[in-house]
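Student:
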Amino acid sequence: MWASGWRLAAAVSNAGALGLIGAGSMDSGLLEEHIVKLGAACEKPFGVNIPVSNKRAGDLIDVCLHHRVPVVFTSAGGPGVYTDRLKAAGVKVAHVVPSDKLARKAESAGCDAVVAEGTEAGGHNGLQEITSMVLWPSVVDAVKIPVIAAGGIADGRGMTAALALGAEGVQVGTRYALTEESSAHDAYKEAVLRSEQGDIPLYLRSYMPTRAIANEYVKSVISAQRDGATDGELARIRGVGRSRMGIFEGDLEQGELEIGQVGSSVERIVSAREVTLEMIAQYKRVIERLSYEMTP
Ligand SMILES: Cc1cc2nc3c(=O)[nH]c(=O)nc-3n(C[C@H](O)[C@H](O)[C@H](O)COP(=O)(O)O)c2cc1C
Numbered sequence: 319m320w321a322s323g324w325r326l327a328a329a330v331s332n333a334g335a336l337g338l339i340g341a342g343s344m345d346s347g348l349l350e351e352h353i354v355k356l357g358a359a360c361e362k363p364f365g366v367n368i369p370v371s372n373k374r375a376g377d378l379i380d381v382c383l384h385h386r387v388p389v390v391f392t393s394a395g396g397p398g399v400y401t402d403r404l405k406a407a408g409v410k411v412a413h414v415v416p417s418d419k420l421a422r423k424a425e426s427a428g429c430d431a432v433v434a435e436g437t438e439a440g441g442h443n444g445l446q447e448i449t450s451m452v453l454w455p456s457v458v459d460a461v462k463i464p465v466i467a468a469g470g471i472a473d474g475r476g477m478t479a480a481l482a483l484g485a486e487g488v489q490v491g492t493r494y495a496l497t498e499e500s501s502a503h504d505a506y507k508e509a510v511l512r513s514e515q516g517d518i519p520l521y522l523r524s525y526m527p528t529r530a531i532a533n534e535y536v537k538s539v540i541s542a543q544r545d546g547a548t549d550g551e552l553a554r555i556r557g558v559g560r561s562r563m564g565i566f567e568g569d570l571e572q573g574e575l576e577i578g579q580v581g582s583s584v585e586r587i588v589s590a591r592e593v594t595l596e597m598i599a600q601y602k603r604v605i606e607r608l609s610y611e612m613t614p
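So the sequence shown is numbered by this note's numbering: it starts at 319 and just counts up by one.
(1) Distance, Cα to Cα, GLU499 vs GLY323?
(2) According to the Cβ coordinates, are GLN579 and ILE518 closer than 7 Å?
(3) Please confirm whether LEU570 and ALA495 have their CB atoms less than 7 Å apart.
(4) Taking the CB atoms as reference points, tell me whether ALA467 and VAL490 lie closer together than 7 Å.
(5) Is the beta carbon of MET319 within less than 6 Å of some heavy atom of ligand 1?
(6) ALA394 and HIS352 look like a contact to me (Cβ under 8 Å); what is the Cβ gap, rounded to whole Å?
(7) For GLN489, which beta-bridge partners are listed by DSSP?
(8) For ligand 1, I want to know if GLY653 counts as a neighbour, meaning its beta carbon is within less than 6 Å of at least one of the ligand's heavy atoms.
(9) If I measure Cβ to Cβ from TYR525 and keep anything under 7 Å in the same chain, skipping five residues before and after, which residues do I get?
(10) What runs of the alpha helix (DSSP H), each 4 residues or longer, lie entirely inside the segment 361 to 431?
(11) Is GLU435 near ligand 1, with its Cβ less than 6 Å from a heavy atom?
(12) Between VAL409 and PRO363, what straight-line distance do the alpha-carbon atoms span, to the nearest angstrom?
(13) Within this structure, are the beta carbons of VAL593 and THR449 separated by less than 7 Å?
(14) With the cut-off set at 7 Å, would you say VAL387 and HIS413 are in Cβ contact?
(15) For TYR506, I'd like the list of residues in its chain whose CB is within less than 7 Å of its CB, leaving aside the five on either flank, ordered along the chain.
(16) In angstroms, rounded to a whole number, what distance separates the CA positions of VAL452 and VAL539?
(17) In chain order, what residues of the same chain lie with their CB nearer than 7 Å to the CB of VAL411, ignoring the 5 residues before and after it?
(18) How about ALA333 and CYS360: do their beta carbons lie closer than 7 Å?
(19) Relative to the C-alpha of VAL381, which candidate in VAL354, GLY396 and SER346 has its C-alpha closest?
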């Protein structure tokens, strides 16, 4: 959300991957506008991501059904809520999960695929903080439906690693949030480019784990939590609209600058097409190198 509108989704789909509109920051009117513009800018399939816990989720689903969006990724909530309705309309559904247990639940709910998202990922995260390296193969073993790996993948090396662990695809957030087509504010993108390892912690842990840059606001929440603040007090400090302030409006100190751990390794803002094509090209180079080295 706040980064992936029609421009980014179109660029990703046109480059040969599957672009997703992040509808979590939109109302149904705005989503409709983005779907129509995306349809005009791209002839390839695309999808929409809808956080189930969003109070507008039902309306956003209605818009997707009305416009015959072929793929919906649901997240941040139970897989049982909207899957039946989407499947009945012929939509392919993938649900984002942070554990093998929730992956089984998504499979039982009828989802076509799961996104196994490790704790390295940007934005909202699972309470159990399972790392990608441990999560991906455990989810692959837990379900029969395809597993899409997410959390820490920003190039072809990460993609190869995920596929080696049994995933059939990868989902990339951080690297695409830092592209020319991303609707995130330039100040946010530049702050991530300046960040170093260790600057992007998980905060609001045990309440609503979120990975973001440790700015003034995040540090104040971490210290309140250390001093024993209750969930209610944390919710009050957080208030509303923090991610909009940070990602979309570029308030570097009081906004929430959601981004994944791998953000500190990204060095340049380039086009989403370049990211996609280079990721695939590097994947092929890595596979070639590995095959060569394994030959006796
Ligand atoms: C700025 C930002 C916003 C995100 N918003 C959403 C969202 O609205 N819904 C969702 O399911 N995931 C969201 N994510 C998570 C991504 O979809 C993806 O799973 C994650 O970024 C993958 O890990 P990575 O950050 O290491 O690439 C967001 C990530 C970022 C960086």
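Every residue gets a Cβ at the ideal spot worked out from N, C-alpha and C, and that includes glycine. These numbers come from a predicted model, not from an experiment.
Tutor: If we stick to the structure as given:
(1) Taking the straight line joining both Cα atoms gives about 9 Å.
(2) In this structure, GLN579 sits near ILE518, with a CB-CB distance shorter than 7 Å.
(3) The Cβ-Cβ distance between LEU570 and ALA495 does not fall below 7 Å.
(4) Contact: no.
(5) At least one heavy atom of ligand 1 is nearer than 6 Å to the Cβ of MET319, so yes.
(6) Distance from ALA394 to HIS352 at the Cβ level is roughly 19 Å; contact not present, criterion being Cβ atoms closer than 8 Å.
(7) ALA468.
(8) The structure shown does not extend to residue 653, since the chain spans only 319 to 614, so no value can be given for it.
(9) Same-chain partners within the cutoff: ASP549 and LEU552.
(10) DSSP assignment within the segment 361 to 431 yields the following whole alpha helix (DSSP H) runs of 4 residues or more, N-terminal first: 375 to 384, 401 to 406 and 418 to 426.
(11) Of the heavy atoms belonging to ligand 1, at least one sits nearer than 6 Å to the Cβ of GLU435.
(12) VAL409 and PRO363: Cα-Cα distance of roughly 12 Å.
(13) It is not a contact, given that the beta carbons lie outside the stated cut-off.
(14) Not closer than 7 Å, so no.
(15) The answer, listed in chain order, is GLY564, ILE565, GLY568 and LEU575.
(16) Distance between the alpha carbons of VAL452 and VAL539 is about 28 Å.
(17) Hits under 7 Å: VAL390, THR392, THR401, LEU404, LYS405, CYS429 and ASP430.
(18) Going by beta carbons, ALA333 and CYS360 fall outside the 7 Å limit.
(19) Taking only the C-alpha atoms, the option nearest VAL381 is SER346.
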